[in-house]
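Working notes, structure below.
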Amino acid sequence: MDRYNFKIVENKWQEKWQKSKVFKAKIDKSKKKFYCLEMFPYPSGKIHMGHVRNYTIGDVLSRYKSLKGFNVMHPMGWDAFGMPAENAARENNLDPKEWTNENISTMKKQLKRLGLSIDWDREISTCSEEYYKHQQLFFLELFEKGLVYRKENYVNWDPVDQTVLANEQVIDGKGWRSGAIVERKKLNQWFFNISKFSEDLLKGLDELEEWPNKVKIMQKNWIGKSFGCEISFQTEGELPVKEIKCFTTRPDTLFGFSFLALSVDHEISKYFSKDKEFLKFRDACSKTGTTEEAIAIGEKIGFKTKLLAINPLNPNQKVPVFFANFVLMDYGFGAVFGCPAHDQRDFDFAKKYNLQIKTVVKPDNENDNFEVKDKAYSGAGVLINSEFLNGLKVPNDSILKTIDILEKKKLGKKKVNFRLKDWGVSRQRYWGCPIPIAYNENGHVMPIPKNQLPIKLPENVNLNSKGNPLDSENEWKNIIIDGKKCIRETDTLDTFVCSSWYYLRFCSPKEEEYGFTQDEINYWMPVDQYIGGVEHAILHLLYSRFFIKALGFKNNNFKFTEPFKGLFTQGMVCHETYKDQNNNWLSPEEVELVENQYRKKNDPTNKVKVGPSESMSKSKKNVIDPEKIIENFGADAVRLFILSDSPPEKDVQWSEQGMLASYKFIQKLWLLNEKVKKKIKLDIKEIYNNSDLEKFTNQIINKYTYNLENFNYNVIIANIYEIYNFLNKEVDKNINSETLKKNYRKILILYLPVIPHFASECLFDLEYDDKFDWPKVNANFLKEDKVDFVIQINGKKRAILKENKDIDQESLLVKIKSNKLSEKYLKNKSINKIIFVKNRLINLIINE
RNA sequence: GGGCGAGUGGCGGAAUUGGUAGACGCGUUGGUCUUAGGAACCAAUAGUGCAAGCUGUGAAGGUUCGAGUCCUUUCUCGCCUACCA
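Residue numbers (my numbering): 622 to 1469.
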């Protein structure tokens, strides 16, 4: 028999699918919709294994839901703006647009080769005018709603990329892309007022039942809601400062107050702008504040001012005011009230500067003389040494009661504080969406009239100019609005803006007037299943959620409040790492295994050091190119393997042996298919021995469907192997041909989501048809007449008896007593207790 | 420092509700066929014992007739986050 030729078969079906547009999604209100979306790729050049895994998972789901009768939309697009294009273009003297579009066409071909069930008619690219013109309109709309504003503030400046980074893009004080140490710089920036929705974004998490808890917790922490109190501390001293505001979650510890600490950026710092000692201190802060070691050591340093702050609950107490490196300007009011006894950070600071450490909370099991010694005590207990607050239960009573008192005395008020900051969207780059704003000669903001959109990016710009290339595009920059000379905003939008609404665009990809139509988004949205990497757990997902709230703000037409109903975060694809004797990274292709010894190919004396398996990355050279693998083994085999070895939410190890095994398995399935076909042709009429097959088929449909619904994709692959193992033996028996055909057809449909080309080919062979429904379980065949009963004696398994289903305890006991078991374990013993679980087990408790 | 998650054979991993631990695959071992095989097929494969059996899901306790699964303590690893007042 011929071997299975995946090249011919896969090509045939891919062409067929393309021609017949089977994956084209149309609104059909009579059917339940299912919107399946994977995070769209950045067109960096070629697809990598992470894409293969991501899109295979989504494809399995999409195909399964279609077979289940859902009206599925499964689109694909390109997150096409961004710095790599600009950098690559500069290095190779190209146009970023050309570079991007070439990459898109390469990657699109590669994705098609995987046999994905994508509606390519909905393809979008964020760098196309047709896309970003709508984004510019959204910007103006949000501007009108007051959700976009401009302010000057300190920004994270990446000196290598010459651009501003969002807080989230600064990792350990370094730029997330360049790795350069981030500097502080004051700039005028555009902001989205995401913090306005802090409460909504937090509450909305509760309704996201199909999101991983982990991601919800991450977002919750990021939004960082805390309940406390705003206190105005009166001050005394040589400066014209009368009061300082602080936010605290622990107003109840006010009697333990021993210092007040300010951020070096606090407005009071303006009185120190000529103080050399202060400036030196501020420098030291900005240097130590960001490095990893500094944070790890956590050394606290301060600069003492001559100001004194007065304790609002005890006006006789006056404590020093410091500037301190650990106080952040963008949280609370940039000022902290210090209570060393009950906050470790304050404790460290007080120790260093010899400040008073007064205990005001004692744990419940201590007496009133309790004193904090080596470590701050931040636990629960009772207030002490706090005059009229003494005896209050910490934390709940004490905090509420203290706030009450402060409010009555007009010294403070209840306050909820959020950690979430507004989203700075300005980027000093060329390859992004232009911001539809201009400035007149007085520097006033002039929104570009909507009828002048889109603002197209100028072409043929000089990318080698320093900073933002758009700054030097004078012709593009200078425009006339209402007959007046204006200058365009040259910043472009953060690319996270593009990805915050692309899922809406897929609903109306060709709509010209607006980014989408109400009708279409209200049919397709929300995305039923969103699939992607956990690295986007905070930024992208939070921004997208914000976008829905912002677009829906003062607009009641949206029938949904969250963009992504279900979220699945898949793990990474890993591979061992290799280094040669000179410590150079080697790719798997450069390494061979000879007699249990890894060595460099063509260089047998060069032993290779095998490192741990890590996520595939170009820098460590542990990458496997999907294109070559698909060419060697076929799309189906790759899909099979990428799902088989680990649960999809966990990391998976790429294994050459595993890949080969999947390839061979497809061959085996093909041989089995030939065998089954032959058997069916024999036209056997006998009814002999069919129930096993029917039983098995129904049981496996049951299991398989359960596993599919629960994302146990590695287990469905195991189920496919089980099917093979069973059927390969079963088919040798004398099976009624009709029965065989009927059941085999159901089984092939089970294969369709995972190995669609192979399964389509076999099904077509069997039926000359390509319309299928997901097989239903016939419960009659799930019924077993015999069941394996576990016989336990004193809780230990002693035997398994095959007995009639639904047998009762008494009858089972009779069976056991007539069994040799009885002789061995029950002779001369009395049974004290019997635990009987129907159709499962019986446990006999006897005297030893 | 805080949060989350995970520890099951040589390896990746199964085990819907507490009810036969180790499905399925890789690897390994033995065999068949082959000029040969990194091919195919058959068989074995948690440990220990000739065997009946005993021991086994990171460790120690607990609840239960019964625990990989629930509770407490603890160890190890991974991921995220970080001076958030």
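Backbone N, C-alpha and C fix where the C-beta goes; we use that ideal spot for every residue, glycine too.
DSSP bridge partner residues for residue i (one or two, in chain order)
i            : result
residue 694  : 656
residue 1053 : None; residue 1053 has no bridge partner.
residue 1038 : 847
residue 1048 : 1113
residue 745  : 698
residue 646  : Answer is none; residue 646 lacks a bridge partner.
residue 1409 : 1423
residue 1220 : 1213 and 1228
residue 1061 : 1107
residue 773  : 809
residue 779  : 784
residue 730  : Residue 730 pairs with nothing; no bridge assigned.
residue 672  : Answer is none; residue 672 lacks a bridge partner.
Contacting residues, own chain, Cβ-Cβ under 6 Å from residue i (five flanking each side not counted)
i            : result
residue 564  : No statement about residue 564 is possible, as the shown extent of the chain runs from 622 to 1469 and does not include it.
residue 1091 : 1051 and 1111
residue 1010 : 1004
residue 706  : 717, 720, 721 and 1052
residue 760  : 1057
Proximity winner among the options, relative to residue i (alpha-carbon distances)
i            : options                   : result
residue 1018 : 873, 742, 955 and 1237    : 873
residue 1102 : 1112, 1058, 1143 and 1121 : 1058
residue 1456 : 1467, 1449 and 1446       : 1467
residue 673  : 631, 973, 1275 and 1441   : 1275
residue 1053 : 1113, 1038, 1035 and 1097 : 1113
residue 1308 : 1038, 1268, 1260 and 1360 : 1360
residue 1006 : 1015, 1028, 1026 and 982  : 982
residue 893  : 927, 871, 920 and 863     : 927
residue 1072 : 934, 1413, 757 and 1126   : 757
residue 1097 : 931, 785 and 1108         : 1108
residue 1181 : 1214, 1203, 1222 and 1139 : 1139
residue 975  : 984, 923, 660 and 1014    : 923
Nonlocal neighbours in the same chain, by C-beta distance under 8 Å from residue i, ignoring five residues either side
i            : result
residue 914  : The predicted position of residue 914 is uncertain, since its pLDDT is 46 and thus under 50; a value taken from the coordinates is nonetheless stated next. Cβ within range, chain order: n/a, list empty.
residue 1459 : 1427
residue 1315 : 1360, 1364, 1399 and 1402
residue 1085 : 711
residue 1250 : 1259 and 1280
residue 1430 : 1455, 1457 and 1463
residue 622  : Its pLDDT being 47, under 50, residue 622 is placed unreliably in this model, and the coordinates cannot settle the point.
For residue j and residue i, believed in contact at Cβ under 8 Å, the rounded distance
i            : j            : result
residue 1074 : residue 754  : 5 Å
residue 943  : residue 966  : Wrong, their Cβ atoms sit about 13 Å apart, outside the cutoff.
residue 875  : residue 1023 : 7 Å
residue 1089 : residue 1051 : 7 Å
residue 971  : residue 879  : 6 Å
residue 905  : residue 945  : That belief does not hold up - the Cβ atoms of residue 905 and residue 945 are roughly 11 Å apart, past 8 Å.
residue 671  : residue 1280 : Not confirmed; about 16 Å, so no contact.
residue 1042 : residue 821  : Not confirmed; about 16 Å, so no contact.
residue 728  : residue 678  : Not confirmed; about 18 Å, so no contact.
residue 816  : residue 1039 : 6 Å
residue 1393 : residue 1373 : 7 Å
residue 850  : residue 1034 : 7 Å
residue 896  : residue 950  : Actually they are not in contact, since the Cβ atoms of residue 896 and residue 950 sit about 18 Å apart, beyond 8 Å.
residue 786  : residue 769  : That belief does not hold up - the Cβ atoms of residue 786 and residue 769 are roughly 19 Å apart, past 8 Å.
Neighbourhood of residue i by C-beta, 7 Å cutoff - its chain only, sequence neighbours within 5 removed
i            : result
residue 1325 : 1337, 1340 and 1371
residue 910  : Bear in mind that the predicted position of residue 910 carries a pLDDT of just 46, short of 50, making it unreliable; the figure below should be weighed with that in mind. Closer than 7 Å at the Cβ level, and outside the excluded window around residue 910, lie 946.
residue 639  : none
residue 1350 : none
Any non-hydrogen atom of the ligand MG within 6 Å of residue i CB
i            : result
residue 1193 : Looking at this structure, you won't find the ligand MG or any other ligand, since it has none at all.
Tell me, please, whether the region 1371-1386 touches the region 1254-1263 by the rule of three or more beta-carbon pairs shorter than 8 Å. The region 1254-1263 and the region 1371-1386 touch, with three or more beta-carbon pairs separated by less than 8 Å.
Can you confirm whether the region 720-739 touches the region 1064-1081 when touching is taken to mean that 3 or more C-beta pairs between the two stretches lie within less than 8 Å? Two segments are said to touch when three or more pairs of C-beta atoms, one from each, lie closer than 8 Å; by this definition the region 1064-1081 does not touch the region 720-739.
Any contact of the region 987-999 with the region 839-850, i.e. 3+ C-beta pairs under 8 Å? Per the Cβ contact rule, the region 987-999 is not in contact with the region 839-850 (fewer than 3 Cβ pairs under 8 Å).
Evaluate the contact criterion for the region 1226-1234 versus the region 1196-1206: three or more CB pairs, one atom per stretch, below 8 Å. With the rule of 3 Cβ pairs closer than 8 Å, the region 1226-1234 counts as touching the region 1196-1206.
Counting pairs of beta carbons, one from the region 1172-1188 and one from the region 1144-1152, are three or more of them closer than 8 Å? Look at the beta carbons and you see the region 1172-1188 touching the region 1144-1152: at least three pairs across the two are nearer than 8 Å.
Give a yes or no on contact between the region 700-713 and the region 682-692, applying the rule of three or more CB pairs nearer than 8 Å. They do not touch, by the three-pair rule.
How about the region 1285-1292 and the region 1205-1224: do they share at least three Cβ pairs that are nearer than 8 Å? With the cut-off at 8 Å, the region 1285-1292 and the region 1205-1224 do not touch.
Between the region 1155-1162 and the region 827-839, do at least 3 Cβ pairs fall closer than 8 Å? Result yes; three or more Cβ-Cβ pairs closer than 8 Å.
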